[in-house]
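Peer 1: Input: one structure, supplied below.
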Amino acid sequence: MRAIVIDKPGGPEVLTWREVPDPLPERGEVIIDVAASAVNRADALQRQGFYDPPPGASPYPGMECSGVVEAVGSDVEGFAPGDRVCALLSGGGYAEKVAVPWQQVMRVPKGVDLVEAAGLPEVACTVWSNVFMTARLRKGETLLVHGGASGIGTMAVQLAKAFGSRVVVTAGSPEKIGRCLELGADEGIDYRREDFSEKVKADVVLDIMGGKYLAGNIKVLKTGGRLVVIGLQGGTKGELDLGALLAKRASVYGTTLRSRPVDEKGAIVRGVVDNVWPLLDAGAIRPVVHARVPMSDAAEAHRILESGEHIGKILLVS
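Note that my numbering gives residue 287 to position 268 of the sequence shown, counting from 1, and the numbers run on in steps of one.
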């Protein structure tokens with residue numbers, strides 16, 4: 020098979036499309052003939068040498084994919100060759116084939132294109148696990164989503180609205196805010212022109228910025244509020260006012276998804292299939308795709324990602 024290989028850390032130009040050994044199904048694994056993958060910030064960090072795959076994971080980038088089951092190993096439950104699926108990966112999505120534990124595999128929702136399904140696993144699992152499982156967002160509460168026009172942001176907006184919450188987003192342009200409002204957001208804040216911490220009060224904050232936004236995030240939390248930090252685009256360190264945290268009886272969570280063990284990922288995947296897939300089947304929510312790029316031109320997809328101009332997901336088509 021062919022895959023995107025990173026021989027040395029660097030810019031998008033280090034992503035090379037070349038022949039590598041085919042994966043073989045080990046016990047409990049499914050081999051997927053990949054139709055598409057999708058680009059995530061973690062892929063760019065891996066390319067730059069800052070985010071190595073977990074032990075035992077594929078060395079190739081790509082944390083999600085869609086395609087058709089080609090083969091199954093022993094002890095695989097519920098999947099057979101020919102099934103149309105998408106999957107949450109620890110790596111290896113930028114390839115023509117990938118091996119993945121069966122617990123992380125999901126059937127493609129009804130009415131979703133096989134290629135577009137590649138953009139669902141990472142965002143659906145991230146939003147479900149953080150906003151609903153960890154932060155326990157409830158009907159009628161307010162969710163603040165930083166980076167509302169991102170892949171994760173566009174899913175968070177739709178899911179929170181589908182479950183009856185009020186949603187406020189931050190984004191970097193009127194166009195991005197407009198798209199978030201079209202997806203159901205109640206309010207948009209242009210972070211280039213406005214201070215979000217002066218504009219909103221929230222029960223739950225989904226944060227991709229980390230240190231830079233820590234003080235502001237604590238400020239906007241209501242009593243009993245929950246801050247979930249899932250990214251560090253604004254740095255790893257910030258000053259935390261513990262007095263404010265205690266006075267509000269608030270909570271701060273930091274989470275990652277990629278390095279979790281299979282059983283934890285499997286539990287998240289089951290939650291997604293039970294709670295998110297029916298909304299996709301009914302057309303109540305949808306994947307938001309900015310561009311489809313040939314997988315062999317992954318470098319261009321990374322340039323689009325790093326430009327910050329995209330809305331939704333960037334797909335890599337095999």
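Glycine included, C-beta positions come from ideal geometry on N, C-alpha and C.
Per the contact definition of three or more C-beta pairs closer than 8 Å, is the region 130-145 in contact with the region 89-97?
Peer 2: Verdict: no, contact absent.
Peer 1: Determine the burial state of Y272: buried for a count of at least 16 other Cβ atoms within 10 Å of its Cβ, exposed for fewer.
Peer 2: As a position in the sequence shown, residue 272 is number 253, starting the count at 1. Counting Cβ neighbours within 10 Å, Y272 comes out exposed, since fewer than 16 surround it.
Peer 1: Please determine, among C144, L107 and I51, the residue with the shortest C-alpha to C-alpha distance to G101.
Peer 2: For the purposes of this step, residue 101 is taken as the residue at position 82 of the sequence shown. That would be I51, whose Cα lies nearest to the Cα of G101.
Peer 1: Helix, strand or coil: how does DSSP classify A266 here?
Peer 2: The residue you call residue 266 lines up with position 247 of the sequence shown. Reduced to three states, the DSSP call for A266 is helix.
Peer 1: Can you look up Y113 in the DSSP assignment and give me helix, strand or coil?
Peer 2: For the purposes of this step, residue 113 is identified with residue 94 of the sequence shown, where counting begins at 1. Note: Y113 maps to coil in three-state DSSP.
Peer 1: Distance, Cα to Cα, G110 vs P80?
Peer 2: The residue you call residue 110 lines up with position 91 of the sequence shown. The residue you call residue 80 lines up with position 61 of the sequence shown. Taking the straight line from one Cα to the other gives about 5 Å.
Peer 1: Is the Cβ-Cβ distance between G262 and Y232 less than 9 Å?
Peer 2: Locating residue 262 in the sequence shown gives position 243, counting from the first residue. Locating residue 232 in the sequence shown gives position 213, counting from the first residue. No; because the gap between Cβ atoms is not below 9 Å, this pair is not in contact.
Peer 1: Counting only the same chain and skipping the five closest in sequence on each side, list residues whose C-beta sits under 6 Å from that of G183.
Peer 2: Here residue 183 corresponds to residue number 164 of the sequence shown, with the count starting at 1. So the qualifying residues of the chain are K158.
Peer 1: So, does the region 220-232 touch the region 191-203, judging by three or more C-beta pairs under 8 Å?
Peer 2: Counting Cβ pairs under 8 Å, fewer than three are found: no touch.
Peer 1: Give the DSSP-derived three-state secondary structure of V247 in the structure shown.
Peer 2: Position 228 of the sequence shown, counted from the start, is the residue given in the question as residue 247. Three-state DSSP puts V247 in a strand.
Peer 1: From which residue to which residue does the beta strand (DSSP E) around M125 run?
Peer 2: Here residue 125 corresponds to residue number 106 of the sequence shown, with the count starting at 1. Start and end: V124 to R126.
Peer 1: For V150, which of I227, G75 and Q122 has the nearest alpha-carbon?
Peer 2: The sequence position of residue 150 within the sequence shown is 131, counting from 1. For the residues I227, G75 and Q122, the minimum Cα distance to V150 belongs to I227.
Peer 1: Could you give the distance in angstroms between the alpha-carbon of T153 and the alpha-carbon of D282?
Peer 2: For the purposes of this step, residue 153 is taken as residue 134 along the sequence shown, with counting starting at 1. For the purposes of this step, residue 282 is taken as residue 263 along the sequence shown, with counting starting at 1. Each residue's alpha carbon lies about 17 Å from the other.
Peer 1: Quick check: A118 and L334, are their CB atoms within less than 9 Å of each other?
Peer 2: The residue you call residue 118 lines up with position 99 of the sequence shown. The residue you call residue 334 lines up with position 315 of the sequence shown. No. Outside cutoff.
Peer 1: Output needed for S270: all residues of its chain with C-beta closer than 6 Å, excluding positions within five of it in sequence on either side, in chain order.
Peer 2: The sequence position of residue 270 within the sequence shown is 251, counting from 1. Closer than 6 Å at Cβ, skipping near neighbours: R245.
Peer 1: Have a look at P44, N59, Y113 and V104 and flag the residue whose alpha-carbon is nearest the alpha-carbon of V24.
Peer 2: In the sequence shown, the residue the question calls residue 24 occupies position 5. When each option's Cα is compared against that of V24, the closest is Y113.
Peer 1: Span of the alpha helix (DSSP H) holding P297?
Peer 2: Taking the first residue of the sequence shown as position 1, residue 297 is located at position 278. Element bounds for P297: W296 to D300.
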